[in-house]
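Undergrad: With the working numbering applied, the sequence shown covers 3 to 464.
Just so you know, even glycine gets a beta-carbon here, dropped at the ideal spot from N, CA and C.
All of these numbers come straight from a predicted model, not from anything done at the bench.
Before anything else, here's the structure in question.
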Amino acid sequence: MIATPHRSESRINFRVLMRAAAYRYDRRAMAGAHDPHADPIPDRLAVIGQGYVGLPLAVRAVEQGYDVVGFDVDRAKVTRLLAGDSPVEDITAERLAAALASGRYRATSDPADLAGFSVCVISVPTPLREGLPDLSFIESAAATIAPHLRPGATVVLESTTYPGTTEELVLPMLEAGSGIRCGGPDGFHLGYSPERIDPGNAVYTFENTPKVVSGIDGPSLAAIQGFYDRIVDKTVPVSSPKEAELTKLLENTFRHVNIALVNELAMFANDLGIDVWEAIDAASTKPFGFMRFTPGPGVGGHCLPIDPSYLSWQVKRSLGHTFRFVELANDVNEHMPDYVVRRLIEALNDRALPVRGRRILLLGLAYKRDTGDARESPSSPIATKLVDLGADVRAADPHVTPAHVPAGVTLVPLTAEEIEAADAVVVLVDHSAFDPSLVAGHARYVLDTRRWLPAGPTVDVL
Ligand SMILES: NC(=O)c1ccc[n+]([C@@H]2O[C@H](COP(=O)([O-])OP(=O)(O)OC[C@H]3O[C@@H](n4cnc5c(N)ncnc54)[C@H](O)[C@@H]3O)[C@@H](O)[C@H]2O)c1
3 MIATPHRSES RINFRVLMRA AAYRYDRRAM AGAHDPHADP IPDRLAVIGQ
53 GYVGLPLAVR AVEQGYDVVG FDVDRAKVTR LLAGDSPVED ITAERLAAAL
103 ASGRYRATSD PADLAGFSVC VISVPTPLRE GLPDLSFIES AAATIAPHLR
153 PGATVVLEST TYPGTTEELV LPMLEAGSGI RCGGPDGFHL GYSPERIDPG
203 NAVYTFENTP KVVSGIDGPS LAAIQGFYDR IVDKTVPVSS PKEAELTKLL
253 ENTFRHVNIA LVNELAMFAN DLGIDVWEAI DAASTKPFGF MRFTPGPGVG
303 GHCLPIDPSY LSWQVKRSLG HTFRFVELAN DVNEHMPDYV VRRLIEALND
353 RALPVRGRRI LLLGLAYKRD TGDARESPSS PIATKLVDLG ADVRAADPHV
403 TPAHVPAGVT LVPLTAEEIE AADAVVVLVD HSAFDPSLVA GHARYVLDTR
453 RWLPAGPTVD VL
């Protein structure tokens, strides 16, 4: 059912929503049912890309009764998935095994297996290439699915991208590749629904995080909202794919800018001799008008270092303006790894130690707590700078695989011996597998970028 709009959603285009509501009501009336969950389950869901976004969606849909084909061009990943070995922390081996055992989940690299899908979700990477949006993965996904499109089938783009991608890039590609029109009584449905998955977050999961949905017209929105209503607790319709695309970029830009704000403040506060963390704790007691963000060694992952640049690129391209907030946030956050290295050099200097030849133990190579995702992780430039300065750099991270360890760095377990042998320990990620008392009890010196340990004579906090 179309959700009752909240006050905050009051600006959405209600004409489109009412058309979608009327269309969905007609479908249910024709089916003789009033409960949206009584609609027949579509024959087959195809999920293009089985990564951090696509795999949780695929597994959840299997659990809700869908027949799911998880398509990925990475054959090694498909082999892993078929063997029940989950490459994504949020999907346990048990959940993947149950999905496989149900007989309704199949991972594949063969495009022929996409035949006959009713709903297809695209969740492929959208990186930057030389600072510019790289939509080649979306283009390749659209080209793969187009020959399998049928009238009445639904395609949803979930990859994060700039507003206009669904209608200006994906739509014409699907029409040209399928020979079928998008929209209308004989066409296929198309829309955009941003993914909000937060890897490692045990409180807000795929199911209980509201899902923004959109369609290129009323029937498309109805089909897309109907699909997600079965697999998440709450859907939030917006009037067109552009608003949905912008929603995702707004959320990530908001986070990026606010992290930059506290990072810059942390650098100034340190020079002023003020404890920024205490100020953040105190400000967080305000029950309205403040949202807590904390400093760190920089931003990483597939989202924050990349998504805001999609928005600033589009603003520049379409309007000729510079998106100053994004430029400034990029500047501050990209500078943080240099700042961490500088603070370490200063601390070693205070102890009459040069960096060259010093043994430095980095805690955490992933971009955030309790994930093995090392994409764009600030730990990487920090490690590389220290290696370049001649340090003996070791790193402990129980989640990251050896393939993601920066060149010149030795991956070690976090033991009392490793900690004691290090001239300095740098806390970059506060994985819950790390024991703070082990580090505090054995380290000669700690630079803690997460305020994981209390500051003291041998512990400096960022
Ligand atoms: N990871 C997150 O926390 C997160 C959160 C919200 C949104 N997103 C967005 O979702 C999208 C996917 O991100 P991800 O983290 O899942 O990436 P990922 O790298 O974990 O997974 C993407 C998968 O797509 C596969 N792939 C690439 N091209 C393909 C093609 N043409 N056909 C089939 N498979 C293909 C890759 O092999 C890979 O397995 C991105 O746009 C990202 O910005 C990610």
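In angstroms, rounded to a whole number, what distance separates the CA positions of D352 and Y447?
TA: Each residue's alpha carbon lies about 11 Å from the other.
Undergrad: According to DSSP, simplified to helix, strand and coil, what is D231?
TA: Note: D231 maps to helix in three-state DSSP.
Undergrad: May I have the straight-line CA-CA distance separating A63 from V389, to the nearest angstrom?
TA: Using only the alpha carbons, I get a separation of about 45 Å.
Undergrad: T211: which of T81, I233, A442, F229 sits nearest, CA to CA?
TA: Considering only alpha carbons, the answer is I233.
Undergrad: Helix, strand or coil: which one does DSSP assign to R294?
TA: Coil at R294, not helix or strand.
Undergrad: With a threshold of 6 Å on Cβ separation, who are the neighbours of D394 within its own chain once the five nearest residues in sequence on each side are excluded?
TA: Only R361 meet the Cβ criterion.
Undergrad: In whole angstroms, what separates the C-alpha of G298 from that of D450?
TA: So the alpha carbons of these two residues sit roughly 9 Å apart.
Undergrad: Using DSSP with H/G/I as helix, E/B as strand and the rest coil, what is I256?
TA: For the record, residue 256 in the displayed sequence is Phe; it is not Ile. Of the three classes helix, strand and coil, the one that applies to F256 here is helix, per DSSP.
Undergrad: Assuming P218 and L176 are in contact, meaning their beta carbons sit under 8 Å apart, how far apart are those beta carbons, in whole angstroms?
TA: According to the sequence shown, residue 218 is Ile rather than Pro. Their Cβ separation, rounded to whole angstroms, is 11 Å, which puts I218 and L176 out of contact at 8 Å.
Undergrad: Can you tell me whether A445 is helix, strand or coil according to DSSP?
TA: A445: coil per DSSP, three-state reduction.
Undergrad: Which residues bound the beta strand (DSSP E) around A398?
TA: 394 to 398 is the span of the beta strand (DSSP E), which, as asked, contains A398.
Undergrad: Report the rounded CA-to-CA distance for V96 versus E197, giving the unit in angstroms.
TA: Here residue 96 turns out to be Glu, not Val, going by the sequence shown. Looking at the two C-alpha atoms, the distance is approximately 23 Å.
Undergrad: Note down the Cα distance separating I93 from A109, rounded to an integer number of angstroms.
TA: Answer to the nearest angstrom: the Cα atoms are 14 Å apart.
Undergrad: As a quick exercise: from D462, T128, H401, S88, pick the residue whose alpha carbon is nearest that of L346.
TA: Comparing Cα positions, the closest option is D462.
Undergrad: Exposed or buried, what is T324 when buried is set at 16 or more other beta-carbons lying within 10 Å of its beta-carbon?
TA: Answer is exposed; the Cβ neighbour count stays below 16.
Undergrad: Check whether the segment 48 to 57 touches the segment 126 to 137, counting contact only when three or more Cβ pairs, one atom from each stretch, lie closer than 8 Å.
TA: A contact exists between the segment 48 to 57 and the segment 126 to 137.
Undergrad: Quick check: what's the CA-CA separation for G443 versus K387?
TA: Going from the Cα of G443 to the Cα of K387 covers about 27 Å.
Undergrad: Closer than 7 Å to a non-hydrogen atom of ligand 1 - does that hold for the CB of A79?
TA: It is Lys, not Ala, that sits at residue 79 in the sequence shown. Yes, Cβ of K79 sits closer than 7 Å to a heavy atom of ligand 1.
Undergrad: Suppose contacts are defined by Cβ-Cβ distances below 8 Å. Is D1 in contact with S434 by that definition?
TA: In this structure the chain extends from 3 to 464, so residue 1 is not present and cannot be described.
Undergrad: What's the gap between the Cα of V343 and the Cα of I384?
TA: Cα to Cα, V343 sits roughly 6 Å from I384.
Undergrad: Around the C-beta of A40, are 16 or more other C-beta atoms found within 10 angstroms, so that it is buried, or is it exposed?
TA: In this prediction, A40 has a pLDDT of 47, which is less than 50 and means its spatial position is unreliable; nothing more can be read from the coordinates.
Undergrad: If we ignore side chains and look at the alpha-carbon of each, how far apart do R319 and L134 end up?
TA: When rounded, the distance between both Cα atoms is 11 Å.
Undergrad: List the DSSP bridge partners of D450.
TA: DSSP output for D450 lists V429, V463 as bridge partner(s).
Undergrad: How about A385: is its Cβ closer than 7 Å to a heavy atom in ligand 1?
TA: A385 Cβ: outside cutoff for every heavy atom of ligand 1.
Undergrad: Using CA atoms only, rank isn't needed, just tell me which of A262, L365, D437 is closest to P307.
TA: When each option's Cα is compared against that of P307, the closest is A262.
Undergrad: Which of the three DSSP states, helix, strand or coil, is assigned to L365?
TA: In this structure, L365 counts as strand in the three-state DSSP scheme.
Undergrad: If I measure Cβ to Cβ from A225 and keep anything under 6 Å in the same chain, skipping five residues before and after, which residues do I get?
TA: These residues qualify, in order along the chain: T156, H191.
Undergrad: By Cβ distance below 6 Å, which residues in the same chain neighbour V121 in space, the five residues on each side in sequence not counted?
TA: Excluding sequence neighbours, V121 sits near P44, L47, T156, F229.
Undergrad: Alpha carbon to alpha carbon, what distance is there between Q66 and D37?
TA: Caution is warranted here: a pLDDT of 45 is assigned to D37, below 50, making its placement in the model unreliable, and the coordinate value is therefore given only provisionally. About 16 Å.
Undergrad: For E91, which residues from the same chain have a beta carbon less than 8 Å from its beta carbon, with the 5 sequence-adjacent residues on both sides left out?
TA: Once the five neighbours on either side are set aside, the close Cβ partners of E91 are P201, G202, D372, T373, G374, H401.
Undergrad: On a Cα-Cα basis, can you pick out the residue from E419, A178, L171, G359 that is closest to S138?
TA: The residue with the shortest Cα to Cα distance from S138 is L171.
Undergrad: Can you give me the C-alpha to C-alpha distance between A31 and E160, rounded to a whole angstrom?
TA: With a pLDDT of 39 at A31, under the threshold of 50, the predicted position of this residue should be treated as unreliable, though the coordinate-derived value follows. Spanning the two alpha carbons is a distance of roughly 30 Å.
Undergrad: How is the alpha helix (DSSP H) around H337 delimited, first residue to last?
TA: It spans 326 to 352 - the alpha helix (DSSP H) in which H337 sits, taken as one unbroken run.
Undergrad: What residues are listed by DSSP as bridge partners for I50?
TA: According to DSSP, which records beta bridges pairwise, I50 is partnered with F73, I124.
Undergrad: Below 7 Å, is the gap between the Cβ of V215 and the nearest heavy atom of ligand 1?
TA: Not so, every heavy atom of ligand 1 lies at least 7 Å from the Cβ.
Undergrad: Going along the chain, which unbroken runs of the beta strand (DSSP E) with 3 or more residues stay wholly within the segment 145 to 176?
TA: If we require 3 residues or more, the beta strand (DSSP E) runs fully inside the segment 145 to 176 come out as 156 to 159.
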